[in-house]
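Residue numbers 177 to 404, in our numbering, belong to the letters of the sequence shown in order.
Notes follow once the structure below has been shown.
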Amino acid sequence: DLLKKQGYTLKIVEYGDYVLPNKALAEGELDANYFQHLPYLEGYNAKNGTALVSVAAVHYEPFGIYGNGVTSLSSLAPGSTIFLPADDSNETRALYLLEEAGLIRLRDGVSARTGVTLSDVVEDNGYRLVTVSASTLPSQLRNNAGSIAVINGNYAIGAGLSVRGALAVESASGEAASLYANIVAVRPEDADSAKTRALAAALTSATVAKYIEEQYQGAVVSVTGEKK
Numbered sequence: 177d178l179l180k181k182q183g184y185t186l187k188i189v190e191y192g193d194y195v196l197p198n199k200a201l202a203e204g205e206l207d208a209n210y211f212q213h214l215p216y217l218e219g220y221n222a223k224n225g226t227a228l229v230s231v232a233a234v235h236y237e238p239f240g241i242y243g244n245g246v247t248s249l250s251s252l253a254p255g256s257t258i259f260l261p262a263d264d265s266n267e268t269r270a271l272y273l274l275e276e277a278g279l280i281r282l283r284d285g286v287s288a289r290t291g292v293t294l295s296d297v298v299e300d301n302g303y304r305l306v307t308v309s310a311s312t313l314p315s316q317l318r319n320n321a322g323s324i325a326v327i328n329g330n331y332a333i334g335a336g337l338s339v340r341g342a343l344a345v346e347s348a349s350g351e352a353a354s355l356y357a358n359i360v361a362v363r364p365e366d367a368d369s370a371k372t373r374a375l376a377a378a379l380t381s382a383t384v385a386k387y388i389e390e391q392y393q394g395a396v397v398s399v400t401g402e403k404k
């Protein structure tokens, strides 16, 4: 409705993975996409020779640690399996959350910007760390009693998991909230076009911020006003 008032008709195309939206944008099938955070976009550009750019940060989806039969992290049995997402930036994010929760220790000098992998874990406290496709995290958790999983906000929502029931959650006021805010991405030549400005303004409006707050009850957090 906000875009209609400015003479634009918004057509929304949904994708089921993390690769196709950027491919479609780079190839001109889309005018913009809105599904990823800046580190993921930067990684995609580096790997694929693209130059997609961010024009606005809209929301943040706190990562949560969820358990199957585990009621607290302190009760997690030795040797238990911990599932985390396999893609580069989200693996980094998950490992940082596990360290914050006291489950692992990362080597000194690592950086979220340059990325962290399982090879940077110097103390796993006997837990079994397993990376899987982010979309399969909820099913992996359901099928493995006594395990825990670090699950992206969107997949947690889709699986009926509540952030309020998570064993640990990223802080909405921490570094992750700004670094991993979901952005609107466009081709560089469209970064300052009228339609891009209209879309960015609509998605960062008070109307959308209120909708996010009411609809997602903390599983999605608006970062209105933070431009990348």
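No residue lacks a Cβ here, since even glycine has one placed at the ideal position from N, Cα and C.
Every value quoted in this text rests on a predicted model; they were computed, and no experiment measured them.
Item, Value
"If you drop the 5 nearest sequence neighbours on each side, which residues of the same chain put their C-beta closer than 8 Å to that of T185?", "L179"
"Residue range of the alpha helix (DSSP H) that E276 falls in?", "264-276"
"With a cut-off of 8 Å on the beta carbons, I'd call V234 and V399 a contact; round off their distance for me.", "7 Å"
"Considering just the uninterrupted stretch of the alpha helix (DSSP H) at L253, what are its terminal residues?", "The sequence as given places Ala at residue 253; Leu does not occur at that position. A253 -> no alpha helix (DSSP H), and no H or E assigned at all."
"Is the separation between the beta-carbon of F259 and that of L343 shorter than 7 Å?", "no"
"If we call anything under 7 Å between Cβ atoms a contact, is V286 one with D296?", "yes"
"At what residues does the beta strand (DSSP E) containing E299 begin and finish?", "297-299"
"If we require 3 or more residues per run, which beta strand (DSSP E) segments fall completely within the region 292-347?", "297-299, 304-308, 324-327"
"Have a look at S369, V397, D368, N221 and flag the residue whose alpha-carbon is nearest the alpha-carbon of A382.", "V397"
"To the nearest angstrom, how far is the alpha carbon of T380 from that of I359?", "10 Å"
"Alpha carbon to alpha carbon, how far is R363 from Y236?", "22 Å"
"Do the region 323-336 and the region 240-255 meet, that is, are 3 or more Cβ pairs less than 8 Å apart?", "yes"
"What did DSSP end up calling V234 once you bin it into helix, strand or coil?", "strand"
"Does the distance between the C-beta of K181 and the nearest non-hydrogen atom of the ligand SAH fall short of 6 Å?", "Within the structure as shown, the ligand SAH is missing, as the structure has no ligands at all."
"Do you know whose CA, among T226, L206, V384, lies nearest Y191's CA?", "L206"
"Roughly how many angstroms separate the alpha carbons of K403 and G225, rounded to a whole number?", "Any answer about K403 is weak, because its pLDDT of 42 lies below 50 and its placement is not dependable; what the coordinates show is given next. Cα to Cα, K403 sits roughly 24 Å from G225."
"Consult DSSP for Y392 and reduce its assignment to one of helix, strand or coil.", "helix"
"Report all residues from its chain with a CB closer than 8 Å to the CB of L228; omit the five preceding and five following residues, and keep chain order.", "N198, L201, A202, L217, Y220, N221, A361, V362, R363, P364"
"Note the first and the last residue of the continuous beta strand (DSSP E) segment covering N209.", "209-213"
"Skipping 5 residues on each side, what residues in its chain have a beta carbon closer than 6 Å to that of K386?", "none"
"Under the DSSP definition of a beta bridge, which residues are partnered with V398?", "Residue 398 is actually Ser in this sequence, not Val. Paired residue(s): H235."
"Using a 10 Å radius around the Cβ and a threshold of 16 neighbouring Cβ atoms, would you call L273 buried or exposed?", "buried"
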